[in-house]
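Each residue of the sequence shown is one higher than the one before, starting from 1 at the first, in UniProt numbering. Note sheet for the following structure.
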Amino acid sequence: MLTISNLDFQIEARPLFESATAQISAGWKVGLVGRNGTGKSTLLRLIREDVENPRADSAIRLNSGARLGWVAQEVAATDDTILDVVLAADTERHALMLESETATDPDRIGEIHERLLDIDAWTAESRAAEVLNGLGFTTEDLGRATKEFSGGWRMRAAIAGVLFSQPDFLLLDEPTNYLDLEGAAWLESYIKKYPYTVLIVSHDRELLNRCVTHTMALEHRKLSITPGGYDDWLKLRAAKLAQLESQKAKQDKDRQHLQAFVDRFRAKASKARQAQSRIKMLEKMQDISIPVEDRTTPFHFAPPKDKLAPPMLELRNATLGYGEDAVILDKVNLRLDPDDRIAIVGANGQGKTTLVKSIGERLSLLGGERVVPKAVRIGYFSQDQLDELSEGDSVLLHVQRIMPPGTTPAKVRAAAAAMGFSHEKVETNVEKLSGGEKVRLLLGLMSSAAPHILILDEPTSHLDIDSREALIYALNEFPGAVLLITHDVYLAEATADRLWLVNNGRAAPYDGDLADYRALVMKADRDDTKGAKAAKPAKSATPKEISPEEKKRLSALKKTARDAEERLDKANTAIAKIDAKLANGTPPADELEKLLKDRARHAETAEAAEIEWMEAAEALETANASSAAS
Numbered sequence: 001m002l003t004i005s006n007l008d009f010q011i012e013a014r015p016l017f018e019s020a021t022a023q024i025s026a027g028w029k030v031g032l033v034g035r036n037g038t039g040k041s042t043l044l045r046l047i048r049e050d051v052e053n054p055r056a057d058s059a060i061r062l063n064s065g066a067r068l069g070w071v072a073q074e075v076a077a078t079d080d081t082i083l084d085v086v087l088a089a090d091t092e093r094h095a096l097m098l099e100s101e102t103a104t105d106p107d108r109i110g111e112i113h114e115r116l117l118d119i120d121a122w123t124a125e126s127r128a129a130e131v132l133n134g135l136g137f138t139t140e141d142l143g144r145a146t147k148e149f150s151g152g153w154r155m156r157a158a159i160a161g162v163l164f165s166q167p168d169f170l171l172l173d174e175p176t177n178y179l180d181l182e183g184a185a186w187l188e189s190y191i192k193k194y195p196y197t198v199l200i201v202s203h204d205r206e207l208l209n210r211c212v213t214h215t216m217a218l219e220h221r222k223l224s225i226t227p228g229g230y231d232d233w234l235k236l237r238a239a240k241l242a243q244l245e246s247q248k249a250k251q252d253k254d255r256q257h258l259q260a261f262v263d264r265f266r267a268k269a270s271k272a273r274q275a276q277s278r279i280k281m282l283e284k285m286q287d288i289s290i291p292v293e294d295r296t297t298p299f300h301f302a303p304p305k306d307k308l309a310p311p312m313l314e315l316r317n318a319t320l321g322y323g324e325d326a327v328i329l330d331k332v333n334l335r336l337d338p339d340d341r342i343a344i345v346g347a348n349g350q351g352k353t354t355l356v357k358s359i360g361e362r363l364s365l366l367g368g369e370r371v372v373p374k375a376v377r378i379g380y381f382s383q384d385q386l387d388e389l390s391e392g393d394s395v396l397l398h399v400q401r402i403m404p405p406g407t408t409p410a411k412v413r414a415a416a417a418a419m420g421f422s423h424e425k426v427e428t429n430v431e432k433l434s435g436g437e438k439v440r441l442l443l444g445l446m447s448s449a450a451p452h453i454l455i456l457d458e459p460t461s462h463l464d465i466d467s468r469e470a471l472i473y474a475l476n477e478f479p480g481a482v483l484l485i486t487h488d489v490y491l492a493e494a495t496a497d498r499l500w501l502v503n504n505g506r507a508a509p510y511d512g513d514l515a516d517y518r519a520l521v522m523k524a525d526r527d528d529t530k531g532a533k534a535a536k537p538a539k540s541a542t543p544k545e546i547s548p549e550e551k552k553r554l555s556a557l558k559k560t561a562r563d564a565e566e567r568l569d570k571a572n573t574a575i576a577k578i579d580a581k582l583a584n585g586t587p588p589a590d591e592l593e594k595l596l597k598d599r600a601r602h603a604e605t606a607e608a609a610e611i612e613w614m615e616a617a618e619a620l621e622t623a624n625a626s627s628a629a630s
């Protein structure tokens, strides 16, 4: 489907790719991983540019006739409705529909309608609505003009447009940054079922584990593809690194042995020939290099210097919002204790940010009480604060402002270094920092006051996976309370032990974990989640008698599903056994190679079996639904 051959590319004097090579087959769902700044988004841009403007010497080639799709930018703020914008994303259908209104030649009219039938154009509105609903838009939203939505929601519409158009090769760059947990869960299931090829850049570990078939890693300016999700790639990388270390240790031992012989016998005439032979062996010996791992600078949240007795904060019968005509939450009764680790869940637009702003005193209550000791210090982080950094000022100046007057330059630089900024970076103006570096700076500035409570509203949107791991470690080490809003399931599961659910104008503790909540939102209708009226249940109908032919077909589908499930279980069992062997130590090189090949073979079997099972299960579900409706 896509071939990358000996790709070389650099920005100014900084090389990003050196003879990078990879091949993606049709139908693969590929997760592109790598540290921030290694060139993942650049690679997507190069793919787009090379495919849109092919050259004879292009290093990137897409199968002839295949359509490439990506999210270029957010939807423009116009009078066009959200639904119309998404429908227009299918350019072929849109052009044919417009032509059908003006065409006069009978033959051409026939061709147009035949093609519209081929591309299933008449169900387009329902398909577009399904995608928009999945990404969080209500039925009422579909008829609203795009100018009525915020930039984040217009970006969702852009994502909906490219998903609806169903290109042969789909590029997605951090799509979950714009989604809540519900939208991210829906997108995950959509990608799994997507009938064509997907290349997705994401730092969402759970997404990369659940919906991709292969992982493409960008490391040391090279590309490599392995079967499986992110965790599978980590295991294989660890095994390969262990093999390299073993080979290098053996090489170093052999080199020492040869060198010792040369040093001992070089001057002796009787051994001169043997010594020269060993010198040549040393010269021909190619060094085995171990890739240097870039270390992630840890996060550190200063512990509060004084301990407070519980409760640390309470909302009593509180009303939250932006005025009498804009009440968001009502009758809120919540309590926060010093050791609480709470993730706040709920669909976008339900009031999660309103809740944490009210807790952090960034928003006054409309009613009720906010009870908090005077000594409580609250650290607050949100993505909005990225715009509050002073352009034109360096990292050093931002850090200096929070230090006591008279602090020596050395101590200011030490404080900046503790936040993760090297001596070269501290002089950098904030507008030239990456998104991840800005997040790191804001978190460091927030922590300087040693707060009792950390409120984090989507802290990971610009962080790579390794930085997210570092953040998890820092939050778990922090002795105070943590309130967290995030679409990153892995982060929430690793740090939070309780949930608050914000929904339908209320905020209250949720009796369950994230797995329970995920199952709930995947089953629930999104419009219900947004407060839409539930549809009346249909009257039960007498089931239609199934014909012998239909019974035979259903029986065959059931057998296909069972057989596929058995093959999937066997393949996963085999993969687990191989992973256990790899985890227990590095086998010899020839055995390791065989294990890796066997694992790849079992992974391909598992993938094929899973696809077959899903197709059979969906066919069964459709058949049963059709029978029930008849």
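Positions of the beta carbon are idealized from the N, C-alpha and C atoms, including for glycine. All values derive from a computational prediction rather than experimental measurement.
How far does the beta strand (DSSP E) with residue i in it extend, from its first residue to its last?
i           : result
residue 106 : It is not in any beta strand (DSSP E) - residue 106 instead sits in the alpha helix (DSSP H) that spans 106–118.
residue 9   : 2–11
residue 214 : 214–219
residue 503 : 498–503
residue 438 : Unbroken run through residue 438 is the alpha helix (DSSP H), 435–447; no beta strand (DSSP E).
How long is the line joining the alpha carbons of residue i and residue j, rounded to whole angstroms?
i           : j           : result
residue 222 : residue 232 : 19 Å
residue 433 : residue 481 : 29 Å
residue 517 : residue 452 : 28 Å
residue 129 : residue 76  : 19 Å
residue 536 : residue 139 : Because the pLDDT of residue 536 is 35, which lies under 50, any placement of that residue in the model is unreliable, and the number read from its coordinates should be weighed accordingly. If I take the Cα positions, the gap works out to 16 Å.
residue 53  : residue 161 : 23 Å
residue 38  : residue 25  : 24 Å
residue 717 : residue 93  : One cannot answer for residue 717 here, as it falls past the ends of the chain, which runs 1 to 630.
residue 327 : residue 348 : 16 Å
residue 374 : residue 338 : 15 Å
residue 297 : residue 468 : 11 Å
residue 446 : residue 429 : 19 Å
residue 170 : residue 194 : 10 Å
residue 641 : residue 401 : With the chain covering 1 to 630 only, the question about residue 641 has no answer from this structure.
residue 238 : residue 200 : 23 Å
residue 118 : residue 100 : 15 Å
residue 631 : residue 166 : With the chain running from 1 to 630 in the structure shown, residue 631 is simply not present.
residue 559 : residue 21  : 41 Å
residue 324 : residue 224 : 57 Å
residue 189 : residue 564 : 20 Å
residue 581 : residue 208 : 24 Å
residue 425 : residue 320 : 41 Å
By a C-beta neighbour count over all protein chains shown, 10 Å radius and 16 as the cutoff for buried, is residue i buried or exposed?
i           : result
residue 202 : buried
residue 403 : exposed
residue 566 : exposed
residue 371 : exposed
residue 525 : Here residue 525 scores only 45 on pLDDT, less than 50, and its place in the model is too uncertain to base an answer on.
residue 153 : buried
residue 350 : buried
residue 358 : buried
residue 409 : exposed
residue 214 : buried
residue 63  : exposed
residue 109 : exposed
Pick from the options: whose alpha carbon is nearest that of residue i?
i           : options            : result
residue 6   : 520, 581, 59       : 59
residue 441 : 33, 416, 424, 465  : 416
residue 336 : 71, 614, 500, 53   : 500
residue 450 : 305, 229, 80, 212  : 305
residue 3   : 34, 40, 50         : 50
residue 381 : 126, 557, 35, 353  : 353
residue 206 : 218, 224, 599, 187 : 187
residue 172 : 45, 96, 343, 226   : 45
residue 311 : 183, 89, 340       : 340
residue 234 : 493, 492, 466, 491 : 466
residue 90  : 168, 15, 146       : 168
I believe residue i touches residue j by the beta-carbon criterion, under 8 Å. Please report the beta-carbon distance rounded to the nearest angstrom.
i           : j           : result
residue 636 : residue 461 : No answer is possible for residue 636: the residues shown for the chain start at 1 and end at 630.
residue 495 : residue 472 : 6 Å
residue 329 : residue 571 : Residue 329 to residue 571, Cβ: 48 Å. No contact.
residue 454 : residue 379 : 5 Å
How is the alpha helix (DSSP H) around residue i delimited, first residue to last?
i           : result
residue 50  : 40–52
residue 174 : Segment: none, residue 174 is in no alpha helix (DSSP H) and carries neither H nor E.
residue 28  : Element bounds for residue 28: n/a, residue is neither H nor E.
residue 463 : That residue, residue 463, is in no alpha helix (DSSP H); it is neither H nor E in DSSP.
residue 84  : 82–88
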